[in-house]
Structure formats: C-alpha cells, structure tokens
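Some notes on the structure that comes next.
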Amino acid sequence: MLNVNALTLRKPYFSSQVDYIINALINYQWLQAPKTWIGSKDENVLILLSELILVVKELADTLASHTHGGILAGTASTKAPNQASAITGHGGDSGELKGRLDPITKT
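First residue of the sequence shown? That's 869 in our numbering, and the numbers climb one at a time after it.
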C-alpha cells in the first residue's frame, strides 16, 4: 500500500534537489575536449578568437617599433607614424573578424 505521508514528506526534498540540478545546468556549463568547435557550420568561434589574438599581437609589435617622421627640436609635435598604414591594416583585420563573428552570434 502506498504511504501518502511518506511521499508528502519527501516531496520538498526531491523538489529542492531537482531545482538545484536545473539551476546548476542553466547557470554553469563546462566544456572540455581535446578539440572543441563552437559556432556555426562554417565558423568556429575559437578559431576567430585565435586569429584576433594574433591581430592584437601584430598590432602590439607594430606599435612597439613604430617611428615618427618630422620631429623638430622643441616643437613637441610629430607627423603620423611611418607605420600608419600597417596600424590601420590591423584595425581592418579586427573588423573583418568581427564581421565573421556577428552573423553567428545570438543577440
């Protein structure tokens, strides 16, 4: 025979356990694998992130070694960097990566 009182007493316990598991699944996601693909059929967000890191490194290298022409003693002003086109190119590279990421990003 079914003991209704026993089920009634356990219901809050089981309900809280189910709520805990659901909240854990909703609020936390762990993804671990030797190789991971996140994105659409054609774009892997992790590849885009890797390419963006490379663009940032190239930009940092360019800026670290950039030079200016037209420096005159005492004027405290310079012309644009000699590497301005390379710096602008890095900006274009990052814009291109953003253009690949935006179509596969849920907003």
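All residues carry an ideal CB built from backbone N, CA and C; glycine is no exception.
Only a predicted model underlies this, so the values are computations on that prediction, with no experimental measurement involved.
N- and C-terminal bounds of the alpha helix (DSSP H) containing residue i
i	result
residue 955	952-969
residue 946	Careful: residue 946 lies outside any alpha helix (DSSP H) and carries neither H nor E.
residue 918	913-932
Residue i classed as buried or exposed, judged by whether at least 16 other C-beta atoms fall within 10 angstroms
i	result
residue 936	exposed
Next on the checklist: I'd like to know if the region 915-930 and the region 959-971 are in contact, where contact means that at least 3 CB-CB pairs between them fall below 8 angstroms.
Outcome noted: yes
Checklist entry - With contact counted as at least three CB pairs below 8 angstroms, one residue from each stretch, are the region 952-959 and the region 927-936 in contact? => result yes
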